[in-house]
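In what follows, a structure is listed as structure tokens, so that the remarks can point back to it.
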Amino acid sequence: MMEAVGRKKARWLFGARGAKEFVGKTRPQEDLVTSAVFGSVMLLSIADRRAAVDVLLGPDAWKTASFDLAQDIEIHLWPRLKGTDDRPVEPDVLLTCGGRTLVVEVKWHANLSERQIDKQIEVVRRAGRYGEVVASVMLGNAVVETVIAGLPCVARTWRDVSGAVQSHPGTGPGLGRWLRQVDAFLQETDMGRIYRGLPELRHAERAAYRFEKPGHPPWLARPLPTAVPTHYSFGETT
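Quick note on numbering: numbering that gives the first Met the number 0 labels position 153 of the sequence shown as 152, and the sequence is numbered without any gaps.
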């Protein structure tokens, strides 16, 4: 999470002297999650980084991007780019490989603002230093169109990521450690119960009823069990 703190995304957390100062503050979960997950990918080897990106974004995004497998993937977190009205725009993640770029928007308990991904694609194109923008990815539960700014947009939920993390064989020590850390991290977030999945339901015994009289359920025809009285006596013990 060093990237989030270093980019002043969550610095107030370290300045708050008590719980009362947390009231009314913007919660930086989204930026901390982005930094924890994608920042750790930056520390992996080239091969492991490629595998980790595949786990995070899924096969659809990987296929859409058509990244050159022989080249490294560069990860840019919150690049500060100039918007159309001179106000800065910061895409969450840019993944660049061989002159092709994916724009990744990360959401955590939040929805997209109006034309949020459109604006990000526009400023990345205008910046001219990230090559060709080929697609976008919505990582979260926000609803998106399949085509944004004339480019494919791939939707990927955090539950998809958790499932991919848990099912990946994790070959190699670096990738294996990263998978275990991401799994443990997601389990301990406020949505961890969702990632653990629902427990397997036990099969109930089969029962069949046949209604012979209208409005008269068959189970009412069964005789009630006879009550067995139980007597208790209390006395002093010596």
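We treat Cβ as the ideally placed atom computed from N, Cα and C, and that holds for glycine.
- Residue environment analysis places V142 among the exposed positions, since fewer than 16 neighbouring C-beta atoms fall within 10 angstroms of its C-beta.
- 9 angstroms or more divides the Cβ of L101 from the Cβ of L68.
- At a Cβ-Cβ threshold of 9 angstroms, E89 and R99 do not count as neighbours.
- In this structure, W107 lies near G139, with their beta-carbon atoms less than 9 angstroms apart.
- If you draw a straight line from the Cα of F184 to the Cα of L93, it is about 22 angstroms long.
- Contact check between the stretch 146–154 and the stretch 116–124: three or more CB pairs, one atom from each, fall below 8 angstroms, which counts as touching.
- For L174, there is no enclosing beta strand (DSSP E); the enclosing alpha helix (DSSP H) covers residues 172–186.
- Per DSSP, reduced to three states, the secondary structure at A69 is coil, with no helix or strand assignment.
- Pairing G130 with G82 gives a Cβ-Cβ distance that is not under 9 angstroms.
- In the three-state scheme derived from DSSP, where H, G and I count as helix and E and B as strand, L55 is classed as helix.
- Nearest to Q186 by alpha-carbon distance, out of V136, S161, L174, G175, is S161.
- Annotation: the stretch 100–138 contains the following complete segments of the alpha helix (DSSP H) (minimum length 4 residues), in chain order: 115–126.
- Going by C-alpha positions, G173 is about 12 angstroms away from M41.
- The criterion of a C-beta distance shorter than 9 angstroms is satisfied by V153 and T63.
- Its chain contains V105, K106, W107, A109 as the residues whose beta carbon lies nearer than 7 angstroms to that of E29, once the 5 sequence neighbours on both sides are disregarded; these appear in chain order.
- The residues V40, I72, L94, in chain order, have a CB closer than 7 angstroms to that of V52 in the same chain once the five nearest residues on each side in sequence are set aside.
- Taking the CA atoms as reference points, L111 sits about 27 angstroms from R49.
- In the three-state reduction of the DSSP assignment, A154 falls in the strand class, which pools E and B.
- With 16 or more other Cβ atoms from the protein chains shown falling within 10 Å of its own Cβ, F37 counts as buried.
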